[in-house]
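Visitor: Going down the list, the protein sequences come from chains R and H. Okay, so the first sequence: first residue is 0 according to my numbering, each after it adds one. Okay, so the second sequence: first residue is 0 according to my numbering, each after it adds one. Backbone N, C-alpha and C fix where the C-beta goes; we use that ideal spot for every residue, glycine too.
2 protein chains.
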Amino acid sequence: MNTKLNAELNTKIINTLRILSVDMVQKSNSGHPGMPLGCAPMMFVLWCRIMAFDPSCPLLKSRDRFILSNGHGCALLYSMLYLLGYNYSIDDLKKFRQLCSITPGHPEINAALGIEVSTGPLGQGIANGVGMAISSKKLGLKNHIYVMCGDGCLMEGVSYESASFAGHLKLNNLIILYDDNGITIDGKTDITFTENTRERFKAMHWNVLEVSNGDTDIEDIYEKLLLAKKSLDKPSILFVKTTIGYGCVNAGKSSVHGAPLGTIATEQLKEYFHFNKEEHFFVDEEVQEYFINFKKEKGRGREENVKISIENDIEYVVNEIKYFKNCDNPYATRDSSHIILNKIAKLLPNIIVGSADLAESNKTMIANSMIDATNFNGKYLNYGVREHAMASIANGISTYGIIPVVSTFLVFITYCLAPIRMAGLSKHKVIYVLTHDSIFLGEDGPTHQPIESLTVLRSIPNVLTIRPCDTTEMSGAYQIALQYNGPTALILSRQVLPNVYTSCMDKMKKGAYTVYESKSTPLINPISNKKNKNLDLILVATGSEVSLAIEVSNSTLFENKNIRVVSMPCCELYDLQTDEYKEIILPKNVTKISIEAGATLGWYKYVNYTYGIDCFGESGKMNDLKDHFGFTVEKVCAFIEKLSI
Amino acid sequence: MNTKLNAELNTKIINTLRILSVDMVQKSNSGHPGMPLGCAPMMFVLWCRIMAFDPSCPLLKSRDRFILSNGHGCALLYSMLYLLGYNYSIDDLKKFRQLCSITPGHPEINAALGIEVSTGPLGQGIANGVGMAISSKKLGLKNHIYVMCGDGCLMEGVSYESASFAGHLKLNNLIILYDDNGITIDGKTDITFTENTRERFKAMHWNVLEVSNGDTDIEDIYEKLLLAKKSLDKPSILFVKTTIGYGCVNAGKSSVHGAPLGTIATEQLKEYFHFNKEEHFFVDEEVQEYFINFKKEKGRGREENVKISIENDIEYVVNEIKYFKNCDNPYATRDSSHIILNKIAKLLPNIIVGSADLAESNKTMIANSMIDATNFNGKYLNYGVREHAMASIANGISTYGIIPVVSTFLVFITYCLAPIRMAGLSKHKVIYVLTHDSIFLGEDGPTHQPIESLTVLRSIPNVLTIRPCDTTEMSGAYQIALQYNGPTALILSRQVLPNVYTSCMDKMKKGAYTVYESKSTPLINPISNKKNKNLDLILVATGSEVSLAIEVSNSTLFENKNIRVVSMPCCELYDLQTDEYKEIILPKNVTKISIEAGATLGWYKYVNYTYGIDCFGESGKMNDLKDHFGFTVEKVCAFIEKLSI
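Pasting the structure below:
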């Protein structure tokens, strides 16, 4: 391919990108013109002279990946992808930021359209890039991951955590282009950000490169990117000095960041770049012709379009782990998880398990399979004490068809909720192993004891939250997680949980099912879901509270009552069931009480009364806490008696 | 005071701290012995030779502050405070990690007992220290803030954000003691953390000091702390090389981090330090005598114990802002917030308002009152794009009696949920201004549109979440926030909200109240809360949905029905009301529907049917989104009609 275009055409293409982007923002009367005007040269060099990809075949396994971490600048990316011949029309550009358009206000994952991940929340794209770089190395690919970002991305803690980790792992296939424009929304960057960022990245073992004039010196951008690609054992970051809003009257000021330029300034801009100010969404014939040829060239001699598919692997693995179920010994669910997860990791080639320095507590260690800077063939990755980066990196890993399993204490979802939300939004297939799932972790006390965590997870769309009650449900939970094309949070106990003899990995796939009725003989025969007659009360419980609910239902206090116990490991799956099924399990005319050692707020959706914990926990021994917070048979029975049902 | 103790006594005190800590862990059969064995020399030098404080008068305004960011090592801190003569008995040490003891598993805020903030979640303590250093400078105090931390704290993104900001602000009154022991829970630190941390801190403009033998060279620790105290324009970090578990058989290994040593290893340890292995919780007479004298010395010549009290200021300010209420012009609540907040900031000396680089969007700018490295007298602080640090720093600021007001978009609580949770747990008086409170922010799309956020905040104990419907409720919300001794989240609209003519800042203090009944004449006279007869339906709404609910209730479709609209700006306050009040506002026998543009999960507690958004948003114009997601009068009416109430 002819990469040495004449300078005039280069400039015309770059200015076309600039003007298209500004027209988009102007037409939608909403968006961010400043970044596209500054970053168009980088975008051009990257896509037209550096990256390996094919617009006619956008899912090529070995394609280079591009991530726009400063996602608010997406008008520029859409303009670029449009010119390159991805499946955008000029009308799509005109519908920028309109409902149901393919050009929304921040990039939304759609690899077929050149959008590798959703971005917007700052810093996430850098972490996603680290995850992609790890996946690429694990799969033995030779591609590169390019991340464009701004000041905001570098200020965010998640980018520090990720960059420190990328330097540690010597990810030389990762290249950041930093739009070093010296401007943030609230003013000049130096009102808050005066660290020596170059030195900081050097301290984290990055290859630091500099482009002193990113507004016009495209050859320098090109040369520095070539240097970055040659890095042997370090990720690279290019500090590209640009002028935000380059070419317009308010260039270099915060005011051009996030609002349309207005008609007059747009006209002035077009004049500055020698465009006809009467024309909108204009692409010169020479530019069109260039990209027609470019697309042809890109289509030549490419490898097979092999998308990584793990569906067959997953079916096989799920069938194998069905054999894990309750046996004589009861386990903590974190322990049964450990056994099952090791089996899964043994059978599944494309999996990366890890923990934020709590592998011994989360029980996620995979034996003899460590990934490190010298070897990415393994299946276990130590993330260090970096929950936020870990979960964001997992999102990046998952885009390659590798399943990331990441773990920490449940309470510490507070450190990584942004990427969990992004996983829900983007339906990334990520499995979170979240242990120490209630105050019953004991002595570590309220900073470590989840109260609100389950409610938080259940309130995020598309995230499955599963709290199994024993080994059988633990196995079922992994089966669900492996088959679900989205993120799943597995909520596991530190303490040993009794076997529930009627738990069922198949029934649990409906989210909730009857595990016990006190007037039946359930210890021998599991209850049919169809017997709803003569029920006095239903107790709905999850995880460690299922066996407690069964004990309560068997209390001599209630010997004249028929009490059903429903295990509800996954509210989201239950919500998907038919009204008929719901009426069988939780009939409207029977009083229902939830029992869960956590916030009650989310339970009124399913029950009439809730039994939970709506204050913070306490440091103490587990049995003392059970008594103090009322999670004993006696105290639950007393609560029920008072209701006079 | 005699600071030049003989070396033998120093060593004896340090070893007493070590053995006391190990005995505590051993007796409770739970805890972390590794850190106390390594950090006892630092702890001794700091408290016995460096810090200014008085155990008899622990709340002295000018005292130096100590934060144990690696809070799991708290056995060491309790031992130290016990010896110093804070109000701990030897029995309190014996009750370590027991329910209702004053020695819980991680430090829990109690300044009278020497615990300045709750710690445990790693990295938070460093950010808290930055907040305290800012408060100290604003109040013109000359004290120092000392933070002890471990590898985990430095790996966390929040510590990077905070450290970068501290360097920017030249906080020379902040000193970190980094327990550089080379060990994390999952193994040696270098399995994940190989950056050059010293160079990184230098790049962030920190004064970097080194102690090569922190296990025994207490004079070096002392000298380096003296140097740090003399820093003119930089915060300081001491890299103190220690041996985790110093003195015990598994010294230097991860295994000594988080589990009791066991009887045999404890006996060996006591022998190593020449303690009687038969004795437990032993304090030598010479050591006791030393601390009796020490306490006497500390009590001499101290200043007045002036605790900063802002209660009178707050009462005055609250009375003043009562005059802000609906006038002719309707406002976006972010705009009415801007006006009221500027009034508050003008009247209240001890306030620091700030934003994570979104001041122009959050409308939190306070004119002509900027805080920067050269001037801490102001009332406005730019935090940069650092949501996590901002909220954690706010917790630290609040401990000095200064009210921090911090702002970002509502959706980005995902970046700072850990410090919001800590604020709830510790009852820090922090005000969060969270704008762009629903999908109606429009074009920025689903990464910026909150869905689950309100449910998340409402599920955290002790956090008040207030979503006002107009200017009057906005004013009431600030009154509540200022008077509440804990954290309050104010949830504000980007778009203009119509005035609700019957909104009431006094009634809203009960969390929910009737704003309208369709068969009354509410536009003239506010409805009395006592008329519950002949109600057909109650609509419960918050924020932007209150006026929508009133419009719905007035629809000609329902002209034969009496529909009440309840504004419920704060669920948490409503929960505190009497059953009688609740029965007046939301009587059991009337059908109730919630209307809120967000997740419905938490609403079933109050209503029979919910109307909300349980999927992610879309990029588009506000009115298109209102139609698409059903937030128009027509679509809400259609929903209600289908219910056939």
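Contact defined as beta carbons within less than 8 Å: I believe Ile61 of chain R pairs with Asn142 of chain R. What is the distance between those atoms, to the nearest angstrom?
Guide: For the record, residue 61 of chain R in the displayed sequence is Ser; it is not Ile. Confirmed, Cβ separation roughly 5 Å.
Visitor: Please return the same chain residues whose Cβ sits closer than 7 Å to the Cβ of Met41 of chain H, not counting the five positions on each side in sequence.
Guide: Met147, Leu176, Gly213, Ile220 and Val239
Visitor: What span of residues does the beta strand (DSSP E) with Lys240 of chain H cover, start to end?
Guide: First-last of the beta strand (DSSP E) with Lys240 of chain H: Ser235 to Lys240.
Visitor: Does the stretch 100 to 110 of chain R come close enough to the stretch 626 to 638 of chain H to have 3 or more Cβ pairs within less than 8 Å?
Guide: no
Visitor: Are the stretch 310 to 330 of chain R and the stretch 384 to 399 of chain R touching by the rule of at least three beta carbon pairs closer than 8 Å?
Guide: no
Visitor: Does the beta-carbon of Tyr322 of chain H have 16 or more other beta-carbons within 10 angstroms, so that it is buried, or is it exposed?
Guide: exposed
Visitor: Cutting at 6 Å between CB atoms, please list the residues of its own chain near Ala548 of chain H, excluding the five before and the five after it.
Guide: Contacts found: Leu538, Ala540, Val564 and Ile594.
Visitor: In the DSSP assignment, find the alpha helix (DSSP H) that holds Ser134 of chain R and state where it starts and stops.
Guide: Gln123 to Lys137
Visitor: Go through its chain and collect everything with a Cβ distance to Ser211 of chain R's Cβ below 6 Å, but skip five positions before and after it.
Guide: Lys240
Visitor: So, do the stretch 147 to 156 of chain R and the stretch 309 to 325 of chain H have three or more beta carbon pairs nearer to each other than 8 Å?
Guide: no
Visitor: Looking at the structure shown, is Asn318 of chain H part of a helix, part of a strand, or coil, going by DSSP?
Guide: helix
Visitor: Going along chain H, which residues have a C-beta under 7 Å from Tyr603 of chain R?
Guide: Tyr603 and Lys604
Visitor: Measuring only the C-alpha atoms, how far is Arg457 of chain R from Cys570 of chain R?
Guide: 8 Å
Visitor: Taking only beta-carbon atoms, is Ile430 of chain R less than 8 Å away from chain H?
Guide: Nearest CB-CB separation between Ile430 of chain R and chain H: not below the 8 Å threshold.
Visitor: Name the two residues that bound the continuous beta strand (DSSP E) containing Glu516 of chain R.
Guide: Here the beta strand (DSSP E) through Glu516 of chain R covers Tyr512 to Glu516.
Visitor: What are the residues in the stretch 71 to 99 of chain R lying within 9 Å of chain H by C-beta distance?
Guide: His71, Phe95, Arg96, Gln97, Leu98 and Cys99
Visitor: Give every residue of the same chain whose Cβ lies closer than 6 Å to the Cβ of Ile430 of chain R, excluding the five residues on either side of it in the sequence, and list them in chain order.
Guide: Val404, Ala480 and Thr487
Visitor: Spatial neighbours of Leu600 of chain R within its chain, please: C-beta separation below 7 Å, excluding the five flanking residues on both sides.
Guide: Thr454
Visitor: Whole-angstrom Cβ separation of Leu416 of chain R and Leu489 of chain R, contact assumed at under 8 Å?
Guide: About 17 Å separates the two Cβ atoms, so there is no contact after all.
Visitor: Name the chain R residues that come within less than 8 Å of Cys38 of chain H, Cβ to Cβ?
Guide: Here the premise fails: no neighbours, minimum Cβ distance about 18 Å.
Visitor: Since Gln576 of chain R and Lys506 of chain R should fall inside the 8 Å C-beta cutoff, what is the C-beta to C-beta distance between them, to a whole number of angstroms?
Guide: Contact flag wrong, Cβ pair sits at about 11 Å.
Visitor: Glu209 of chain R bridges to which residues according to DSSP?
Guide: By DSSP's assignment, Glu209 of chain R forms a beta bridge with R:Phe238.
Visitor: Under DSSP, the alpha helix (DSSP H) around Ala422 of chain H begins and ends at which residues?
Guide: Leu416 to Ser425
Visitor: Taking any Cβ of chain H, which residues in the stretch 168 to 193 of chain R have a Cβ under 7 Å from it, in chain order?
Guide: Result list: Thr183, Ile184, Asp185, Ile190, Thr191, Phe192 and Thr193.
Visitor: Is the shortest distance between the beta-carbon of Tyr166 of chain H and the beta-carbons of chain R less than 8 Å?
Guide: Reading the sequence as shown, one finds Gly at residue 166 of chain H and not Tyr. It does: the Cβ of Gly166 of chain H has a partner Cβ on chain R nearer than 8 Å.
Visitor: Only counting the same chain, and skipping five residues up and downstream in sequence, which positions put a Cβ closer than 6 Å to that of Gly257 of chain R?
Guide: His31
Visitor: Quick check: Asn349 of chain H and Lys428 of chain H, are their CB atoms within less than 8 Å of each other?
Guide: no
Visitor: Would you mind working out which of H:Leu59, H:Gln482 and H:Val551 sits nearest Gly298 of chain H, comparing C-alpha positions?
Guide: H:Leu59
Visitor: Closer than 8 Å, CB to CB, is Glu442 of chain H near chain R or not?
Guide: yes
Visitor: Quick one: grab the DSSP three-state call for Glu405 of chain H.
Guide: Contrary to the premise, residue 405 of chain H reads as Val rather than Glu in this sequence. Strand.
Visitor: Could you tell me which uninterrupted beta strand (DSSP E) segments, each at least 3 residues in length, are contained entirely in the stretch 152 to 191 of chain R, listed from first to last along the chain?
Guide: 173 to 179
Visitor: Taking Ser618 of chain R as the reference, which of R:Glu633, R:Ala250, R:Leu92 and R:Pro449 has the closest Cα?
Guide: R:Pro449
Visitor: Is the beta carbon of Ala126 of chain H less than 8 Å from the beta carbon of Gly353 of chain H?
Guide: no
Visitor: Output, in sequence order along the chain, the residues in the stretch 446 to 462 of chain R whose CB is closer than 7 Å to any CB in chain H.
Guide: Thr446, His447, Ile450, Glu451, Thr454, Val455, Arg457, Ser458, Ile459 and Pro460
Visitor: Apart from the five residues on each side of it in sequence, which residues of its chain come closer than 7 Å, Cβ to Cβ, to Ser397 of chain H?
Guide: So the qualifying residues of the chain are Pro403, His427, Lys428 and Val429.
Visitor: Given a threshold of 16 other Cβ atoms within 10 Å of its Cβ, counted over all protein chains shown, does Arg17 of chain H qualify as buried or as exposed?
Guide: Of the other Cβ atoms in all chains shown, 16 or more fall within 10 Å of the Cβ of Arg17 of chain H; this residue is therefore buried.
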